[in-house]
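Residues in the sequence shown are numbered from -4 upward in steps of one, following our numbering. Here a beta-carbon is modelled for each residue, glycine too, at the ideal position from N, C-alpha and C.
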Amino acid sequence: VTTAPYNITLNGNWTNNGGTAGFNARTGTVSLATNSTAVITGTTNFYGFNVTSIGAAKTIQFQAGVVFGFTGPANSVVVTGAGGQLVTITSTSTAVWLADFTNTQNTLTYVNLQHSGCSTSAVVTMDATSTNDATSTINDSACWNFGLIVSGTIYSDDGSTVFPCNTTNLPIKVALGSTL
């Protein structure tokens, strides 16, 4: 046993039978390096948590009904899939697992989120490459935020006069599937 922080790289499952007293993350990072499904069980507080450079689609299952803490600074949780190689974050059943993020995380890309809830938590923002699986029972929107990228040209009328956005800051309203 040591008081120094160490990083841990796993090629399989994570089981913590000692609860939050059984694993002391200090300032270390747990990285999941396997291409197979990784099952994470037992209440755990992670400082840094990474799933990157996996080279294939991957599923991470957190134990249903259990709170997992992510206590590191902003952006210390990094989950990076790729086009056609999504990282699915889900529960071990159709009941949700609970995430508790101490700080805002904006480093989740190419993620498919299923059966995931929140304890008291900071916000996790996923970019437009990620999906909120509508077929799952619930993804608590109190902390899981799915970004939307809107690009194009803004017109000041019916579409014939381009608005000079570089000279004036104006709020923009966007409606999808309805009118403003």
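Taking a contact as a CB-CB distance under 8 Å, the pair Thr97 and Thr120 does not count as one, their CB atoms being some 15 Å apart. According to DSSP, Tyr150 shares a beta bridge with Val157. If one requires a minimum length of 3 residues, the beta strand (DSSP E) runs lying completely within the region 47 to 83 are 53 to 57, 62 to 65 and 72 to 75, in chain order.
With contacts defined as CB atoms closer than 9 Å, Thr83 and Val34 fail to qualify as a contacting pair. Taking the C-beta atoms as reference points, Val72 is found no nearer than 9 Å to Gln109.
When only Cα atoms are considered, Ala(-1) and Gly64 end up about 20 Å apart. Under the DSSP assignment, Thr24 falls in the beta strand (DSSP E) whose first and last residues are Thr24 to Leu27. Here Ile55 is buried: its Cβ has 16 or more other Cβ atoms, across all protein chains shown, within 10 Å. Under the 10 Å beta carbon count, Tyr105 is surrounded by 16 or more other beta carbons and is classified as buried. In this structure, Gly23 sits near Gly43, with a CB-CB distance shorter than 9 Å. The three-state secondary structure of Thr10, taken from DSSP, is strand.
Ranked by Cα distance from Lys53, the first of Thr89, Asn6, Ala20 and Gly60 is Asn6.
Thr32 sits in coil when the DSSP states are folded into three classes, being neither helix nor strand. When the beta-carbon positions are compared, Ala94 and Ser114 come within less than 9 Å of each other. Rounded to the nearest angstrom, the gap between the Cα atoms of Thr4 and Leu27 is 6 Å. A residue is called buried when at least 16 other Cβ atoms come within 10 angstroms of its Cβ; Ser111 meets this threshold and is buried.
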